[in-house]
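Trainee:
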Amino acid sequence: MNTSAVAQATASVHAFTQEARDAIYHAIFSRRDVRGQFLPTPVPDEVLSRILTAAHHAPSVGFMQPWNFLVVRSQGTKHRVHDAFAKAHAEAAGMFEGDKRAVYQKLKLEGIIESPIGICITCDRERTGPVVVGRTHMKTMDLYSSVCAVQNLWLAARAEGLGVGWVSIFHQADLQEALGIPKGITPIAYLCVGYVSHFYDKPELETAGWLPRLPMEDLVYFEQWGQRDDQQPLIAHLRRDQAAAQRGREAIA
Ligand SMILES: Cc1cc2nc3c(=O)[nH]c(=O)nc-3n(C[C@H](O)[C@H](O)[C@H](O)COP(=O)(O)O)c2cc1C
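First residue of the sequence shown: 1, per the UniProt record's numbering; consecutive thereafter.
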């Protein structure tokens with residue numbers, strides 16, 4: 001058997017069925033950051049439990065599982081979080097110049113009050129003591145582990161028909177105070193979660209003309225930083241797959 005036949009045979013033993021693979025890619029390509037389409041429909045605990053369990057099964061450096069999941073349902077808490085957002089949002093507008101500021105001010109960047117549930121995912125950097133397998137030299141790996149939990153939850157939620165919106169426009173200390181998070185714990189993501197009227201087919205910031213999706217071939221280097229090679233067969237595949245992902249999302253719309 002040549003190398004590629006071996007690779008194919010090995011892959012097929014462990015690969016999901018075509019239907020299951022399609023479902024995974026569908027969740028990935030149709031996941032959206034949701035801000036404005038939340039419905040008041042309650043999220044059943046069994047569904048919430050499934051997406052939180054998906055989050056808890058994320059990879060983590062040294063298996064330290066540094067996360068907690070703070071579930072917010074009360075209007076009082078949501079309003080405290082929203083106040084923290086409003087303060088930072090007003091400051092943020094002042095950081096953009098000219099046209100960008102006008103566009104920024106029109107963007108809806110959170111659904112804190114309207115979404116039935118908020119979930120703050122945190123990182124306890126001391127959870128398993130000062131020395132962690134895999135975090136000995138790159139100290140931020142624990143933070144990235146909690147981000148992996150966010151992404152697991154986000155994709156599982158999409159599969160459940162739930163929208164998720166990540167809100168990060170806060171002074172960290174204000175968010176910690178609003179949620180009673182102690183100083184030693186880092187808030188990673190405040191997520192607005194709920195059923196939605198619809199999912200947009202593409203990022204709202206793309207639609208608003210804020211930024212386009214970058215072409216994959218500009219992002220993939222070979223062997224050394226900055227080294228592009230359009231002759232690599234992989235590049236042709238990337239172009240095809242990006243175009244297919246683009247067509248797929250149009251089909252979803
Ligand atoms: C770390 C992080 C922080 C983000 N913070 C915000 C935010 O504060 N407000 C917001 O509206 N979207 C926020 N987003 C969502 C991004 O704007 C969104 O992911 C991006 O525009 C691409 O759109 P999509 O998620 O629908 O594909 C955040 C996303 C990430 C990953």
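The beta carbon of each residue, even a glycine, is placed where N, CA and C say it ideally should be.
1) Between which two residues does the beta strand (DSSP E) holding Trp166 run?
2) Identify the residues that DSSP records as bridge partners of Val193: which are they?
3) I need the boundaries of the alpha helix (DSSP H) containing Leu155, first residue and last residue.
4) Which same chain residues end up closer than 6 angstroms to Gln242 when comparing Cβ atoms and leaving out the 5 residues on each side of it in sequence?
5) Bridge partners for Pro187 per DSSP, in chain order?
6) Is Phe96 helix, strand or coil by DSSP?
7) Based on the DSSP secondary-structure assignment, which residues constitute the bridge partners of Phe72?
8) Please confirm whether any heavy atom of ligand 1 lies closer than 7 angstroms to the CB of Arg35.
9) Is any non-hydrogen atom of ligand 1 found closer than 7 angstroms to the C-beta of Ile169, if you look at the structure I gave you?
10) Let me know the alpha helix (DSSP H) ranges lying completely inside the segment 18-98, each 4 residues or longer, listed in chain order.
11) Once DSSP output is grouped into helix, strand and coil, what is the label at Leu107?
12) For Pro42, I'd like the list of residues in its chain whose CB is within less than 8 angstroms of its CB, leaving aside the five on either flank, ordered along the chain.
13) Below 8 angstroms between beta carbons: does that hold for Ser146 and Trp67?
14) Three or more C-beta pairs closer than 8 angstroms, one from the segment 105-123 and one from the segment 25-32: is that the case here?
15) Any beta carbon from chain B within less than 8 angstroms of Ala15's own beta carbon?
16) Would you kindly report the start and end of the unbroken alpha helix (DSSP H) that includes Ala178?
17) State whether the segment 47-59 contacts the segment 158-165, with contact taken as three or more CB pairs (one from each stretch) at a distance under 8 angstroms.
18) So what's Ala253 in DSSP terms, helix, strand or just coil?
19) What's the gap between the Cα of residue 271 and the Cα of Ala93?
20) What is the DSSP secondary structure of Arg132, reduced to helix, strand or coil?
Mentor: Reading it off the structure:
1) 162-167
2) Ile117, Val164
3) Start and end: 141-159.
4) Met216
5) BP columns for Pro187 point to Thr122.
6) coil
7) Reading off the sequence shown, one finds Val at residue 72, where the question assumed Phe. Answer is Gly118, bridged to Val72.
8) yes
9) The answer is yes for Ile169.
10) 18-30, 45-56, 75-93
11) coil
12) Pro116
13) yes
14) no
15) Protein chain content of the structure displayed is limited to a single chain, and chain B is not contained in it.
16) Segment 172-179, the alpha helix (DSSP H) holding Ala178.
17) yes
18) Low local confidence applies: a pLDDT of 46 at Ala253 is under 50, so the model's placement there is unreliable, and no value is given.
19) In the structure displayed, the chain extends from 1 to 253; residue 271 sits before or after that span and is not available.
20) Before going on, a small fix: residue 132 reads as Val here, not Arg. Val132: coil per DSSP, three-state reduction.
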